Every structure is written in structure tokens, then in C-alpha cells.
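Asks: Numbering of the sequence shown is given in full-length UniProt numbering, commencing with residue 1 and proceeding in unit increments.
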Amino acid sequence: MSLSSNEGFTMSVVSSGLKGVVIYHSGYGHTKRMAEAVAQGAKASLLPIDAEGELPEQAWAQIKEAHCIILGSPTYMGGPSWQFKKFADASSKPWFEDMWKDKVFGGFTNSASINGDKLSTLQYFTLLAAQHRGIWVGVGMKSANTKASQRDDLNRMGSFIGPMAQTPADATPEEMSPGDLETARLYGARVAEIAGRLLFADEQAASFNF
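(1) By the DSSP assignment, the beta strand (DSSP E) with residue 194 in it spans what residues?
(2) Which value, in whole angstroms, describes the spacing of the CA atoms of residue 181 and residue 165?
(3) Name the DSSP beta bridge partners of residue 110, please?
(4) Kindly indicate if chain C contains any beta-carbon less than 8 Å away from that of residue 84.
(5) Can you give the Cα-Cα distance for residue 154 and residue 203, rounded to whole angstroms?
(6) Using the three-state DSSP reduction, which class does residue 173 fall into: helix, strand or coil?
(7) In this structure, what does DSSP give as the bridge partners for residue 38?
(8) Going along the chain, which residues of its own chain have a beta-carbon closer than 8 Å to the beta-carbon of residue 4, five neighbours each way excluded?
(9) Based on the DSSP secondary-structure assignment, which residues constitute the bridge partners of residue 104?
(10) Evaluate residue 110 with the Cβ neighbour count: other Cβ atoms within 10 Å of its Cβ, from every protein chain shown; 16 or more gives buried, anything less gives exposed.
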């Protein structure tokens, strides 16, 4: 089934109790805009990491209750920002208690360069999810890689682990590629859809007496 054909299913699951969070750090507003697109698709809460690499205490409580966790950071010097890494290190506390085990994970990133070693950031996210024994969701759409492809096409970066956006160093957040943002939105919907399926399966299994 296509993602679009399941949009109604996703919405019904969200309304029945699916909880999602988008945890992100943004240096100049570009990753924030991408996070907003992801959150829109996933119907998830935005949890920004501040300039000191901190999350408020209530944000940690929200993560604990979430069914899906989507991670975001710009790619700086071949990896996520130090603020995001500080959050990741702080997640050792829920790691010790298996608080995030079997949650559905995803991730996204942005950089100024076409390549910019963004793959390293997404791989960092997948390893973090694996450390927490989570379930990772890929992009789930083909790349725009023909001669007719345009900057505003879906998945123009050809990333399959998670969405990548490319924004020129002198471009404002408002000048981001609409295709990159729509890719992020659809990815958020996909993560929520898969988390919803698992939640639905758990609820169905719990309703039977074996």
C-alpha cells in the first residue's frame, strides 16, 4: 500500500492514542523548519534541544510515554551538533531502565552542502536507536535521480535511512526546498503510520485471552 492510501488509517490511530515526539536541535532555524514539517506529518510534539544541549524535565516524561521518537540535527563537521550529542549522552539514564525499548525511531538532518557527510549524522541516529533497542523506520520512497529531476522533487537527495535536506549557507529557513520539506512531512507520516500499526497490533493482541 502507498503511504497516501493509509492516511485515514494513520489519523484514526493517532486519534486513538498514538503519541509521537520530534526531538531536535537547530542552529540557525533550518533544522527547526524541517522538524516542524516532520511533526506535522507525524502529528507529533516538538521537543527542541536548547543552545546548552538541554531538554526540560517534562520533555523527558513525554519521550517516555511516546510510541515514536524522531530525531533531528544539522550536520556539523561530519556529524550531529554537540548539543544533540549532549542529549544523546543524557539518554543513558532511560537506556539503563529500558524506557525506550521497542519504540519506533526515525531521524532527519540538514546541511549546506549537497553531500556534507549527512549520512554520518543519520547513521549516528540509527546507532542511538539501536542502543535503546528501538525499531528504525526508513524513508520508504524512491529518489529523484533522472535528468528531469528538480530541486523541489521528493527525496531529491536520494537518502533512504532518513530524510536529508540541503540548504545553501546563505539561504534563510524560508528559502528551503519545498521538496525537502514535503519529504520530511511524508516521512513523519510514515513513522507515525508504522508506529500506529504496531500499537494497533499490541492492542488487538491484548484483547485476546490465550
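Cβ atoms here follow ideal geometry from the backbone N, Cα and C, with glycine treated the same way. Being a predicted model, the structure only gives us computed values, none of them experimental.
Replies: In brief:
(1) Where residue 194 is concerned, there is no enclosing beta strand (DSSP E), although the alpha helix (DSSP H) it sits in stretches over 178 to 206.
(2) 8 Å
(3) 74, 165
(4) Of the protein chains in the structure, only one exists, and it is not chain C.
(5) Answer to the nearest angstrom: the Cα atoms are 34 Å apart.
(6) helix
(7) Paired residue(s): none; residue 38 is not in a bridge.
(8) A caution first: residue 4 carries a pLDDT of 41, below 50, which makes its placement in the model unreliable, though a value can still be read off. Nothing meets the Cβ criterion.
(9) 68, 135
(10) buried
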